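Visitor: Chain order of the listed sequences is A and B.
With my numbering, letter number 193 in the first sequence gets 192, and the count goes up by one each step, no holes.
With my numbering, letter number 267 in the second sequence gets 266, and the count goes up by one each step, no holes.
C-beta atoms are modelled at their ideal positions from N, C-alpha and C, and glycine is treated no differently.
All values reported here derive from a predicted model rather than from experimental measurement.
Have a look at this one before I ask anything.
There are 2 protein chains.
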Amino acid sequence: MKAITQTDENDPRSLALTEVDDPQLKSGEVLVKVHAAGVNRGDILQAHGNYPPPPGASEIIGLECSGTIADPGDTGREEGEEVACLLAGGGYGEYVAVPEGQLMPLPEGYSLTEAASVVEVACTVWSNLGMLAGLREGQTVLIHGGGGGIGTFAIQLCKALGATVAVTAGSDEKLETCRELGADILVNYKEQDFAQELKGRCDVILDIIGAKYLKQNLRALNTDGQLVIIGLQGGVKTEINLGALLPRRLSVRGTTLRARSLESKADVVRSTVEHVWPMLADGRVRHHIHATLPLADAARAHELLDSGEVTGKIVLEA
Amino acid sequence: MKAITQTDENDPRSLALTEVDDPQLKSGEVLVKVHAAGVNRGDILQAHGNYPPPPGASEIIGLECSGTIADPGDTGREEGEEVACLLAGGGYGEYVAVPEGQLMPLPEGYSLTEAASVVEVACTVWSNLGMLAGLREGQTVLIHGGGGGIGTFAIQLCKALGATVAVTAGSDEKLETCRELGADILVNYKEQDFAQELKGRCDVILDIIGAKYLKQNLRALNTDGQLVIIGLQGGVKTEINLGALLPRRLSVRGTTLRARSLESKADVVRSTVEHVWPMLADGRVRHHIHATLPLADAARAHELLDSGEVTGKIVLEA
Chain A
0 MKAITQTDEN DPRSLALTEV DDPQLKSGEV LVKVHAAGVN RGDILQAHGN YPPPPGASEI
60 IGLECSGTIA DPGDTGREEG EEVACLLAGG GYGEYVAVPE GQLMPLPEGY SLTEAASVVE
120 VACTVWSNLG MLAGLREGQT VLIHGGGGGI GTFAIQLCKA LGATVAVTAG SDEKLETCRE
180 LGADILVNYK EQDFAQELKG RCDVILDIIG AKYLKQNLRA LNTDGQLVII GLQGGVKTEI
240 NLGALLPRRL SVRGTTLRAR SLESKADVVR STVEHVWPML ADGRVRHHIH ATLPLADAAR
300 AHELLDSGEV TGKIVLEA
Chain B
0 MKAITQTDEN DPRSLALTEV DDPQLKSGEV LVKVHAAGVN RGDILQAHGN YPPPPGASEI
60 IGLECSGTIA DPGDTGREEG EEVACLLAGG GYGEYVAVPE GQLMPLPEGY SLTEAASVVE
120 VACTVWSNLG MLAGLREGQT VLIHGGGGGI GTFAIQLCKA LGATVAVTAG SDEKLETCRE
180 LGADILVNYK EQDFAQELKG RCDVILDIIG AKYLKQNLRA LNTDGQLVII GLQGGVKTEI
240 NLGALLPRRL SVRGTTLRAR SLESKADVVR STVEHVWPML ADGRVRHHIH ATLPLADAAR
300 AHELLDSGEV TGKIVLEA
């Protein structure tokens, strides 16, 4: 089959369609003929050698896709069934082997291309804000990078849960997008100190920055507040004052989706379909695609996402 | 009334019985005539000026006591009822005002003196391991300072929950005590690196050390592991590698009991009576008193606890 591979291992931009071996099905997996694959920051990190696939996963880039079942293996699924898939890797290819627990139906009213790019963001946001932090009506949540792919999705999902939503972003244009999606409190991090603006008010913070924001995030948390770190764009190591945690009973947690066990991923997928798919079906959460490119243009897609100027998702079509 | 006060504010050992104003009851509080008060590390910290009472709480030392209701105020309680009390302060006096939500019955078979010293440790251990971390059968828990007041109690409670219990302590004698109480894995921290011994195995860690142990604690945690910090005997500030949290979905939490709201304390008290009192009644958790001293000897009691050589609780009798 054909798949995107890195032709020069020292050049993360050297992504090209090449001939590779077909995926081999293991028990409990189905073979999916890929229709489209979403592009994620993790894919760019992997091309840079900073986000290696977990043991046993495909070396091919791509954390989500949609397509049709080409071979149900031993699962009892139907050949030809349309599915969206959460992947540990392999989305940027013609075919991909997918554990049955990571198959999802298409959200009602969604095309294959739309579905391909909603899986990773929906599972990431729901597993952290819904399943882990248990965000509920009346609480205040802070979402960093409100204008990005995760941010725009999280704003809407949190509003659907009845939370007050604060966001940070780096431009007034992005903040205006956040406001249109329902964000209640807007902070331009280039002009304001979010910790000062939100001091002691946030029950949950969804953070993609890490080290650089840790101290400010702790200041922004309310009693019993939870900081959930899902990205480390601002570095990994920093000083922590544990004395700040105790009196207000704060917690700092970190998660990734990709490193979860098959069982844990199946849990996330089930819960996401149960809770988030209805929000997509009735439009409480709208999913915005910024651009659709042919799979062969993966390098261009990464460049576009890496520019930081994108609001919405980028999708590759096979 | 008479109460222990600090006669020289620069000398934490200058604790003496002096004449002070009687406590004034607020709505929802009862006046308790103190029979006995437990001695806790927080009391020593307060005498050193490092653990000030929360706003509105008594300035008198003492986080737990037992006694009889001398004035039920507007609560509808019975005068003369024997109670154990969780306090924000005030235990080291003849009388103390107690919010009704912080009154507990004596555990079945317990004397007033025994009951006085079991409240703080029971609420601390249960609120952290039971309510917050949700420790359950089959999980592995690490308890630092296994030979101390919190440690000896926590070992038994965790065994009663069906967990595998690992402990650290600084002497083989203390470790032997831990073993007798049910601990399964014994680590002498002066001779062994607990992170090496327990690498990746602990679902929950109950920590009283803080900064000095942070890095090792994170290494010792299993996937989805929770580090719960309730003391900072090893300092407050240190470097954290947030990159260690994400792939294994670790969480770092800190808590105190004293700073909780009245509502939150009432929750803890209710849940502790429901879950822990039966363990005390049937002997699954045994509570050991090391020494009983008269209230006037508070300074000596603090010295004894501070020596670090005590296994079991110290109680002051009024």
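With a floor of 4 residues, list each alpha helix (DSSP H) that falls wholly inside the segment 191-221 of chain A, ordered by position along the chain.
Guide: 193-197, 213-219
Visitor: Would you mind reading off the limits of the beta strand (DSSP E) that contains S170 of chain A?
Guide: It is not in any beta strand (DSSP E) - S170 of chain A carries neither H nor E in the DSSP assignment.
Visitor: Enumerate in chain order the residues of its own chain whose CB-to-CB distance from L134 of chain B is below 7 Å, with the five nearest sequence positions on each side excluded.
Guide: L128, V140, C157, L160, A162, V203
Visitor: Does the beta-carbon of N216 of chain A have 16 or more other beta-carbons within 10 angstroms, so that it is buried, or is it exposed?
Guide: Flag for N216 of chain A reads buried.
Visitor: I239 of chain B by DSSP, collapsed to three states: which one?
Guide: strand
Visitor: Within the 9 Å Cβ cut-off, does T271 of chain A reach chain E?
Guide: No chain E appears in the structure shown, which is made up of the protein chains A and B.
Visitor: Against N401 of chain A, what residues of chain B qualify as contacts under a CB-to-CB distance less than 7 Å, listed in chain order?
Guide: In the structure as shown, chain A starts at 0 and stops at 317, and residue 401 of chain A therefore has no counterpart that could be examined.
Visitor: Nearest CA to the CA of V82 of chain A: which residue from A:G92, A:A69, A:D73?
Guide: A:A69
Visitor: If you drop the 5 nearest sequence neighbours on each side, which residues of the same chain put their C-beta closer than 6 Å to that of T17 of chain B?
Guide: T4
Visitor: Taking the straight line between their C-alpha atoms, what separation do you get for R76 of chain B and R247 of chain A?
Guide: 32 Å
Visitor: Which class does K312 of chain A belong to by DSSP, given the choice of helix, strand or coil?
Guide: strand
Visitor: By DSSP, does H301 of chain A sit in helix, in strand, or in coil?
Guide: helix
Visitor: Between C122 of chain A and the rest of its own chain, which residues show a CB-CB distance below 7 Å, the 5 nearest in sequence each way excluded?
Guide: L85, L256, V267, V268, T271
Visitor: Tell me which residues share the same chain as Q225 of chain B and place their Cβ nearer than 6 Å to its Cβ, disregarding the 5 neighbours each side in the sequence.
Guide: Excluding residues within five positions, the ones whose Cβ falls inside 6 Å are A132, V203, S250.
Visitor: Using a Cβ-Cβ cutoff of less than 6 Å, which residues in the same chain neighbour A243 of chain A once the five nearest sequence positions on both sides are dropped?
Guide: Closer than 6 Å at Cβ, skipping near neighbours: L217.
Visitor: Suppose you measure from the CA of G307 of chain B to the CA of G169 of chain B; what does that come to, to the nearest Å?
Guide: 10 Å
Visitor: Would G92 of chain A count as contacting chain B if we go by Cβ distances under 9 Å?
Guide: no
Visitor: Tell me whether V82 of chain A sits in a helix, a strand or coil according to DSSP, three-state version.
Guide: strand
Visitor: Specify, as a first and last residue, the run of the beta strand (DSSP E) that S250 of chain A falls within.
Guide: 250-253
Visitor: Rounded to whole angstroms, what is the Cα-Cα separation between V31 of chain B and L24 of chain B?
Guide: 10 Å
Visitor: Check the Cβ-Cβ distances between P246 of chain A and every residue of chain B, and say whether any is below 9 Å.
Guide: At a cut-off of 9 Å between C-beta atoms, P246 of chain A counts as an interface residue with respect to chain B.
Visitor: What does R252 of chain B reach in chain A if we use C-beta pairs closer than 8 Å?
Guide: In chain order: L244, R248, L249, S250, V251.
Visitor: In the DSSP assignment, the alpha helix (DSSP H) including L156 of chain A goes from what residue to what residue?
Guide: 148-160
Visitor: Kindly say whether T255 of chain B, judged by its beta-carbon, lies nearer than 9 Å to any beta-carbon of chain A.
Guide: yes
Visitor: Closer than 9 Å, CB to CB, is I228 of chain B near chain A or not?
Guide: yes
Visitor: Is it true that the segment 37-46 of chain B meets the segment 55-62 of chain B, where meeting means three or more beta-carbon pairs spaced less than 8 Å apart?
Guide: The segment 37-46 of chain B, when compared against the segment 55-62 of chain B, does touch it at the 8 Å Cβ threshold.
Visitor: Between T123 of chain A and chain B, is there a C-beta pair that is closer than 9 Å?
Guide: no
Visitor: Give a yes or no on whether the C-beta atoms belonging to E99 of chain B and V33 of chain B are separated by under 9 Å.
Guide: no
Visitor: Please list the segments of the beta strand (DSSP E) lying wholly inside the segment 270-294 of chain A, counting only runs of 3 or more residues, in order along the chain.
Guide: 288-293
Visitor: Tell me whether the beta-carbon of V186 of chain A lies closer than 9 Å to the beta-carbon of K312 of chain A.
Guide: no
Visitor: Pick out the complete alpha helix (DSSP H) segments inside the segment 38-85 of chain A, 4 residues or longer, and give them in chain order.
Guide: 40-46
Visitor: I'd like to confirm the pairing. Which residues does DSSP put opposite G92 of chain A in its beta bridges?
Guide: A:A2
Visitor: For M0 of chain A, which of A:V95, A:G209, A:A35 has the nearest alpha-carbon?
Guide: Among A:V95, A:G209, A:A35, the Cα nearest to that of M0 of chain A belongs to A:V95.
Visitor: CA-CA distance, T176 of chain A and E136 of chain A?
Guide: 23 Å
Visitor: With 9 Å as the limit, tell me which residues of the segment 180-214 of chain B have their beta carbon closer than that to any beta carbon of chain A; keep them in chain order.
Guide: G209, A210, L213
Visitor: Tell me the DSSP secondary structure of K32 of chain B in three-state form.
Guide: strand
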